[in-house]
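Here is the structure we will look at, set down as structure tokens.
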Amino acid sequence: DTGVSQDPRHKITKRGQNVTFRCDPISEHNRLYWYRQTLGQGPEFLTYFQNEAQLEKSRLLSDRFSAERPKGSFSTLEIQRTEQGDSAMYLCASSLIRGGTEAFFGQGTRLTVV
Amino acid sequence: DAKTTQPPSMDCAEGRAANLPCNHSTISGNEYVYWYRQIHSQGPQYIIHGLKNNETNEMASLIITEDRKSSTLILPHATLRDTAVYYCIVRVGRGQGGKLIFGQGTELSVKP
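Residue numbers (the numbering used here), protein chains in the order written: chain S, 8 to 121; chain D, 1424 to 1535.
In structure tokens form, the structure reads like this:
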């Protein structure tokens, strides 16, 4: 499978715990995006990387959230001290830098904070 | 903020063409129109994109008006499996990161 892969698919955690999600993009894609989606809403942009550099962070990305993309390959999104409001689907997408190309999404990680 | 406007819901009979409209009156010259769909609990699936010309692939056709202020996604022979939320997106230029900014989408229901 050469698509975007996310792990885990589902995560249930207790409030206050830290969680980390992983995204493996399509191998030649320089850009990697993280989105969050709550029930009934469209995905909301969180942050993106161009190779290993994190170039933009949405105001939705509070101090409890951190993302990395070491070596410009896979990326991780960590949420510290989770809150019930963090419950959502976290989506990863990747694309080439070149304009007019497709961006492909993974299947997402569904986080439930109890 | 999303730069597109779509009807919140539409119905279509199985086997008929589904025509999903989208308004993007503030689109800039270098911005592309993208369409994705999302079936419950799955990641968005890429359908098609275009800049100025009409486009067709194995999934759908995209018709963009000459002034580029609106477009229509056409599913030529809708099936029950095409029931999904369809998102029309104006993708920001690659100089601004090429982000996809989603709106609320159109919930398409294909009925037997």
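Note that the Cβ used here is the ideal one computed from N, Cα and C, for glycine as well.
Query: CB-CB under 6 Å to asparagine 1446 of chain D, same chain, minus the five flanking residues each way: which ones, in chain order?; Result: Thr1428 and Ser1493
Query: Quick one: residues in its chain with C-beta nearer than 7 Å to the C-beta of glycine 1528 of chain D, no 5 flanking neighbours on either side, listed in chain order?; Result: Gln1429, Val1508, Tyr1509 and Tyr1510
Query: Is the beta carbon of phenylalanine 111 of chain S sitting closer than 8 Å to the one on tyrosine 1469 of chain D?; Result: yes
Query: Considering only residues of the same chain and omitting the five flanking positions on each side of histidine 17 of chain S, which have a CB-CB separation below 6 Å?; Result: Arg117
Query: Please report the distance separating the alpha-carbon of tyrosine 1459 of chain D from that of isoleucine 19 of chain S.; Result: 28 Å
Query: Are leucine 84 of chain S and phenylalanine 28 of chain S touching if we call contact CB-CB under 8 Å?; Result: yes
Query: Kindly indicate which residue of D/Ile1450, D/Phe1525, D/Tyr1455 and D/Gln1465 has the alpha-carbon position closest to the one of arginine 105 of chain S.; Result: D/Tyr1455
Query: Going by C-alpha distance, which of S/Gln24, S/Gln91, S/Asn37 and S/Asn25 is nearest serine 80 of chain S?; Result: S/Asn37
Query: Could you check the C-alpha separation between arginine 71 of chain S and leucine 1443 of chain D for me, to the nearest Å?; Result: 39 Å
Query: Roughly how many angstroms lie between the CA atoms of glutamate 1489 of chain D and leucine 1496 of chain D, to the nearest whole one?; Result: 15 Å
Query: Consider the Cβ of lysine 1492 of chain D: report whether some Cβ of chain S lies at a distance smaller than 8 Å.; Result: no
Query: Taking Cβ positions, are leucine 1485 of chain D and glycine 107 of chain S nearer each other than 8 Å?; Result: no
Query: Does the Cβ-Cβ distance between glutamate 1530 of chain D and serine 1432 of chain D come in under 8 Å?; Result: yes
Query: Give a yes or no on whether 8 Å exceeds the smallest Cβ distance from leucine 1474 of chain D to chain S.; Result: yes
Query: When the Cα atoms are used, what is the spatial distance from alanine 60 of chain S to alanine 1441 of chain D?; Result: 41 Å
Query: Give the straight-line distance between the Cα atoms of leucine 103 of chain S and serine 1451 of chain D, rounded to the nearest whole angstrom.; Result: 21 Å
Query: On the premise that tyrosine 1457 of chain D lies in contact with leucine 1523 of chain D, defined as a C-beta separation below 8 Å, what is that separation, rounded to the nearest angstrom?; Result: 6 Å
Query: For proline 1431 of chain D, would you say it is in contact with chain S, using Cβ-to-Cβ distances shorter than 8 Å as the test?; Result: no
Query: Starting from proline 1444 of chain D and walking both ways along the beta strand (DSSP E), at which residues does that stretch end?; Result: 1441 to 1446
Query: Taking the runs of the alpha helix (DSSP H) that are 4 residues or longer, which of them lie wholly in the segment 35 to 60 of chain S?; Result: none
Query: Which residues, taken in chain order from the segment 33 to 58 of chain S, show a beta carbon closer than 9 Å to some beta carbon of chain D?; Result: Arg38, Tyr40, Tyr42, Gln44, Gly47, Gln48, Gly49, Pro50, Glu51, Phe52, Tyr55 and Gln57
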